[in-house]
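Visitor: Numbering-wise (full-length UniProt numbering), the sequence shown opens with residue 1 and increments by one. Ideal placement from N, C-alpha and C gives every residue a C-beta, glycine not left out. The model shown is predicted, which means the values in this text are computed figures rather than measured ones.
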Amino acid sequence: MKTTWLQAEKDPMGAAIYDYFKNGKAGKLRVFSSQFEEDEIPVSELFRTYEHMPLLEQTALDMAQGKILDVGAGSGCHSLALKQMGKESVAIDISPLSVEVMQARGLDARLVNLFDTHFVERFDTILMLMNGSGIIGRVENFGDFFQRMKLLLNPGGCILMDSSDLRYLFEEEDGSFVVDLAGDYYGQLDFQMQYKQIKGEAFDWLYVDFNTLSLYASQYGFKAELVKEGSHYDYLAKLTL
């Protein structure tokens with residue numbers, strides 16, 4: 001697992017977040033993948049308030065308690081909502097520009113990679129939202145991920161993570177699903193982003209169905225609980241030791 005930060009010239013999302021925070025608008029944040037056609041992330045959605053968040057995210061924020069870690073916090077929208085609820089959180093991201101924006105918004109934001117072994121604080125709740133399983137990258141990284149979680153969680157603590165089951169992409173007209181069982185896990189994607197002239201490095205991103213998440217969690221001593229399902233194969237899970 002990479003434990004480094006992003007450089008400004010390779011940080012399209014951070015640049016988009018910074019522009020939107022400073023100017024109230026931003027250009028197109030483009031997303032490329034070898035598996036799909038080009039897409040776009042509306043930058044304004046990265047600054048959404050609690051009222052405009054999906055129900056799964058609202059539920060996770062309501063459930064979060066104690067000392068909270070907001071992983072891959074971006075613009076800090078979740079931590080800001082937590083602060084307004086009177087809750088204590090630490091927001092981390094690997095984007096220096098994103099961290100600068102979060103600090104300007106009055107948050108306890110730090111330039112930290114979740115997998116950096118020098119980061120050793122403990123938390124009662126670890127939030128991984130906006131498809132929080134994504135940063136795990138690939139299923140073979142679950143071992144490293146859960147070992148890190150054991151070091152970061154206080155006794156009795158939990159991880160609140162949302163993700164999606166991408167099997168709907170392989171659904172046939174008769175309702176059956178055609179997945180290549182001999183290939184890589186179908187939720188493993190690669191992405192690359194571009195904002196204006198800033199193009200980031202390609203990276204792995206993991207969408208994981210709940211059963212697979214539960215299976216890997218149990219292998220490393222965690223219990224997975226399905227908290228809530230969304231309207232389109234998405235869900236919120238609670239993971240505890």
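Mind the definition here: the region 102 to 109 touches the region 66 to 84 only if three or more C-beta pairs lie below 8 Å; say whether that holds.
Guide: yes
Visitor: In chain order, what are the residue ranges of uninterrupted alpha helix (DSSP H) at least 4 long that sit wholly in the region 151 to 232?
Guide: 210 to 219
Visitor: Taking the alpha-carbon positions, what's the residue 41 to residue 170 distance?
Guide: Cα to Cα, residue 41 sits roughly 23 Å from residue 170.
Visitor: What would DSSP say about residue 125, mapped onto helix, strand or coil?
Guide: strand
Visitor: Verify whether the separation of the beta carbon atoms of residue 6 and residue 193 is less than 8 Å.
Guide: Contact: no.
Visitor: Straight-line CA distance for residue 101 to residue 24?
Guide: 13 Å
Visitor: When you compare each of 1, 152, 135 to residue 67 by their alpha carbons, which one comes out closest?
Guide: 152
Visitor: Quick check: what's the CA-CA separation for residue 118 versus residue 232?
Guide: Taking the straight line joining both Cα atoms gives about 38 Å.
Visitor: Quick check: what's the CA-CA separation for residue 125 versus residue 87?
Guide: 11 Å
Visitor: Determine the DSSP secondary structure at residue 109, reduced to helix, strand or coil.
Guide: strand
Visitor: Take residue 142 as the anchor and find which of 61, 69, 212 has the nearest alpha-carbon.
Guide: 212
Visitor: Determine the direct distance from the alpha carbon of residue 196 to that of residue 120, and round the result to whole angstroms.
Guide: 36 Å
Visitor: Excluding the 5 residues flanking residue 112 on each side, which residues of the same chain have their C-beta closer than 7 Å to its C-beta?
Guide: Cβ neighbours of residue 112 beyond the five flanking positions: 92, 119.
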